[in-house]
Amino acid sequence: MANVFANKDVFKDTFQTRVEQIYGVKFEESTPHQRYFTLGTLVREYISSNWIETNEAIVEGKHKQVYYFSMEFLMGRLLTNNIMNLGIRPVIEEAMNELAIDLNELERIEADAGLGNGGLGRLAACFMDSIASLGLPGHGNGLRYRYGFFEQKIIDGYQVEIPDKWLQRGYVWEVRKSNESVEIPFYGHVQIENVDGKEVYKHVPAEYVRAVPYDVPVVGDVANNNKTVNTLRLWSSEPTENKYPDHISAVEYEKDVRNISEFLYPDDSTIEGKILRLKQQYFFVAAGVRWAVRQHKEVYGTLNNFHEKNVLHINDTHPALIVPELMRILIDEEGYGWDQAWEITQHSCAYTNHTILAEALEKWPVDLFQPLLPRIYMITEEINRRYCLKLLELYPNQPEKVAELAIIGYNQVRMAHLAIVGSFSINGVAQLHTDILTHIEMKDFYQMYPDRFNNKTNGITHRRWLLHCNPELTKLLDKEIGTGYHTNTFELAKLEDKLHDERVQKEIMNMKYARKQALANRIEREQGVKLDPNSIFDIQVKRLHAYKRQLLNAMHIMYLYNRLKEDEQFRANFHPQSFIFGAKAASGYYFAKKVIKLINSIAQKVNNDPETSNLLKVVFVENYNVTYAELIMPAADLSEQISTASKEASGTGNMKFMMNGAMTIGTLDGANVEIHELVGDENSFIFGLNADEVNDYQQNGGYNPWNLYHTDVRIRRVLDQLVNGFLTPDKEEFRDIFNAVTHNGDEYFVLKDFDAYVRAQEAANQAYKNRKKWTEMSMINIARSGKFSSDRTIQEYADQIWHLEKLKF
Ligand code: 26V
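For what it's worth, numbering that gives the first Met the number 0 labels the leading residue of the sequence shown as 0, then goes sequentially.
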């Protein structure tokens with residue numbers, strides 16, 4: 000096929016013709032959406048030859064590959080990303096200019112693929128980009144949810160959830176591959192038959208659900224002649240082509256089936272959703288493992304070497320059923336004995352842990368698991384039995400210890416234990432997190448399998464989170480340090496040579512001002528709040544969770560407001576500050592939703608007070624998502640990373656902010672620790688309890704928030720204002736927040752860290768007044784952020800866990 004992007008004239012002609020061919024309208028009369036879709040189609044077609052070649056190269060080179068299994072892929076938009084990685088933006092831009100079409104406007108038409116809750120899903124998306132851009136063979140495997148993470152509306156200060164119909168107008172990047180559909184069995188029971196003296200397991204009468212794959216191309220950066228296009232395969236549930244189950248009506252069955260790939264679950268889903276969530280997990284795992292197995296057999300004709308040519312990566316515990324599923328295929332379908340099957344399985348699987356929060360570690364009641372997945376349960380039981388025999392040798396007289404470490408215990412299947420036992424590699428996502436896993440949370444497992452544990456500090460793709468989202472900074476860097484950092488972010492360090500160059504400093508200031516103005520424009524347009532780009536943009540964007548402590552930020556703003564109104568001198572010294580929040584709260588997460596209402600109530604009060612409105616602004620941006628984040632990250636002066644130490648496994652927003660020149664105000668938690676190591680106390684604002692101190696209080700007690708309530712007048716004042724009608728006429732509105740940090744013990748040490756946070760905030764506010772100095776600090780952050788490219792992270796996974804080699808073609 001001729002290259003339609005060879006030059007602007009060819010492209011322009013093809014584009015116009017295709018719009019008319021696809022939609023049967025004259026080009027001049029076509030809608031922006033039709034133009035967007037046609038452009039997307041042309042780009043996808045252009046990708047396809049490299050897509051085919053990538054798959055051929057993998058087969059011909061007998062390459063080892065990774066399948067990254069994840070319940071979430073928070074991809075955001077792909078058009079911009081794809082045309083950037085393909086290097087065809089200039090041609091398209093030129094042609095569009097001649098056609099008087101605004102390319103940016105077309106790009107804005109694309110719906111975000113919001114198939115994730117937050118950091119975990121976005122990490123998977125960044126990893127996809129880096130794997131392809133490094134020319135490595137690796138594919139994503141997930142679910143094609145009909146509705147992504149909900150759309151958020153703020154009504155009267157409260158969050159209202161609206162279904163996210165991202166597929167409604169079609170999704171230009173996906174290719175339905177019905178011929179590669181597979182049938183996934185649920186329910187029924189296991190029948191053991193004796194065939195030629197051998198026990199054979201049959202799952203009867205199973206209820207089948209058809210898994211239909213939709214493939215999305217993952218385009219690597221073409222720099223260095225890389226042509227890699229990997230696959231993100233998302234499975235959709237459809238009715239079986241076999242017999243429908245007898246005991247329910249066809250209508251009922253079809254509804255149940257559709258439900259499997261209907262909704263993305265919020266991470267704290269309630270009990271009712273449990274069966275469905277387990278169904279989702281087995282559904283995409285079973286389909287994905289079949290995909291990997293089939294591909295492998297086509298090339299090698301045997302599964303003997305499956306583990307030498309494939310890694311099945313378990314992203315958090317959600318896909319842990321990979322372990323028993325691969326065992327099932329090897330034993331039931333391929334006739335392997337247990338030991339060899341286990342050898343292959345255990346050497347194929349690798350697991351990443353993303354949280355230490357106990358409530359987030361999945362456990363399935365046996366009564367739910369067994370009927371739904373009878374054969375998988377049987378195999379899990381056998382894995383557990385054999386593993387418990389080993390435990391008994393290690394802990395001969397400690398049955399409680401064995402019960403505690405077992406995969407199945409107290410009538411529950413513990414997915415983390417299953418993943419640990421079934422994997423050759425187990426990693427945390429930042430050094431501190433890995434240390435906590437090996438020394439505290441998973442200490443006993445670490446003792447058993449020390450060689451399996453390792454750390455892989457998270458990263459973000461600098462292609463999206465710098466080159467694409469911050470054109471001003473990219474241009475400046477290209478000019479000052481060359482473009483080498485596009486492919487090796489450690490070259491950002493060169494910026495440090497220009498630290499004291501006043502011309503460069505000025506340009507950095509201008510860049511920041513422009514990005515702040517761009518964000519301010521959107522906020523004013525959509526929410527009517529006008530922000531001054533000369534004020535400090537202090538930003539906290541991330542999921543709403545108690546441990547992330549948006550509440551600490553909110554309480555500090557209340558304190559600031561009180562102080563500014565009363566303390567003339569403080570007021571005179573204060574540099575205006577704009578506090579920007581963005582967050583979605585899980586729909587059933589009562590406390591998180593209250594915090595949203597609180598922030599909006601504070602905004603209402605503060606923004607409308609003429610005494611403070613020039614000094615203090617508060618905005619809660621509506622519907623924070625990947626695309627919004629692309630506007631927000633470059634606009635920050637201060638990056639709020641204030642989780643209770645030890646609770647945030649890594650954080651990745653912290654890295655995006657840093658790479659765009661924001662200073663971190665944060666606790667020594669997750670990857671903040673590594674940011675702090677790189678930039679030092681002089682170029683960050685670190686405060687509060689550290690992980691050991693938090694751990695110590697949790698183990699031994701000794702913290703009583705009431706003491707602070709009674710001794711710190713600032714704290715008492717703010718807390719009283721939560722319940723005395725200061726913010727809302729209804730005094731009970733925030734009673735539960737008041738109670739959480741007082742009567743209920745302040746689990747996340749909000750009051751305990753309050754004073755330290757106030758001081759860190761003061762230091763930041765004063766530091767900002769020396770703009771030259773601040774700009775140097777900002778430049779140091781940019782210059783030292785190279786480590787946080789996900790290219791670095793993925794290279795480590797590829798070298799140390801997956802053992803992948805770069806494709807050559
Ligand atoms: C799940 C749940 C479920 C129950 C209620 C509380 C709760 C809290 C957190 C979670 C998160 C589960 C996994 C997750 O999303 N982890 C995030 O992974 C990111 C990528 O590694 C990392 O940067 C974040 O620190 C981590 O929270």
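Backbone N, C-alpha and C fix where the C-beta goes; we use that ideal spot for every residue, glycine too.
I want to check one thing, is the minimum distance from the CB of glutamate 647 to the heavy atoms of the ligand 26V below 7 Å?
yes
Quick check: does the Cβ of histidine 544 come within less than 7 Å of any heavy atom belonging to the ligand 26V?
yes
Which residue marks the beginning of the beta strand (DSSP E) containing serine 638, and which one marks its end?
637–640
For valine 322, which of Ile382, Asp496, Glu440 has the nearest alpha-carbon?
Ile382
Rounded distance between the beta-carbons of glycine 147 and alanine 123, thought under 8 Å:
That pair is no contact at about 14 Å.
Going straight from the alpha carbon of methionine 95 to that of leucine 105, what length do you get?
10 Å
Per DSSP, proline 184 is paired with what?
Tyr207
To the nearest angstrom, report how far apart asparagine 223 and histidine 202 are at their CA atoms.
50 Å
Less than 8 Å between the beta carbons of lysine 226 and leucine 803, yes or no?
no
Beta strand (DSSP E) containing tryptophan 363: first to last residue?
362–364
Whole angstroms are fine: how far does the CA of valine 174 sit from the CA of glutamate 253?
23 Å
When the distance is taken between beta carbons, is valine 428 closer than 8 Å to threonine 456?
yes
Would you mind sorting tryptophan 341 into buried or exposed? The rule is 16 or more other CB atoms within 10 Å of its CB.
buried
Would you tell me roughly how many angstroms separate the C-alpha atoms of phenylalanine 274 and leucine 367, rounded to the nearest one?
It is worth fixing the name first, because residue 274 is isoleucine in this sequence and not phenylalanine. Approximately 7 Å between the Cα atoms of the pair.
Which residues in the same chain have their Cβ closer than 8 Å to the Cβ of lysine 805, if we skip the five residues on either side of it in sequence?
Leu133, Gly134, Leu135
Kindly provide the ranges of any beta strand (DSSP E) runs that are 3 or more residues long and lie completely inside the stretch 585–623, ordered along the chain.
615–619
Candidates Met326, Ala644, Lys474: closest to aspartate 695 by CA position
Ala644
Serine 788 bridges to which residues according to DSSP?
Ile459
Going by DSSP in three states, isoleucine 153 sits in which element: helix, strand or coil?
strand
Hey, is threonine 354 close to the ligand 26V, as in C-beta under 7 Å from one of its heavy atoms?
yes
Quick check: the Cα distance between isoleucine 800 and aspartate 101, rounded to an integer number of angstroms?
44 Å
Report back the beta-carbon spacing between valine 503 and leucine 550 to the nearest angstrom; my notes put them in contact at under 8 Å.
About 39 Å; that fails the 8 Å criterion.
For the ligand 26V, is there a heavy atom less than 7 Å away from the beta-carbon of aspartate 128?
no
Asparagine 303 to valine 310 span [Cα, whole Å]:
14 Å
Where the alpha helix (DSSP H) containing aspartate 255 begins and where it ends:
249–259
Between the alpha carbons of glutamine 576 and asparagine 671, how many angstroms are there, rounded?
23 Å
What separation, rounded to the nearest whole angstrom, lies between the Cα atoms of arginine 34 and valine 215?
20 Å
So, helix, strand or coil for arginine 524, using DSSP?
helix
Would you call the stretch 387–403 and the stretch 427–441 in contact, with 3 or more CB pairs under 8 Å?
no
Residue range of the alpha helix (DSSP H) that isoleucine 87 falls in?
No alpha helix (DSSP H) contains isoleucine 87, which DSSP labels as neither H nor E.
Straight-line Cα distance separating asparagine 606 from leucine 615:
7 Å
Quick check on the burial criterion: 16 or more other C-beta atoms within 10 angstroms. Buried or exposed for glutamine 279?
buried
Could you check what DSSP says for leucine 231 in three-state terms: helix, strand or coil?
strand
If you compare alpha carbons, which of Thr239, Arg770, Val420, Glu240 is closest to alanine 319?
Val420
Can you tell me which residues form a DSSP beta bridge with lysine 583?
Paired residues: none, contrary to the question.
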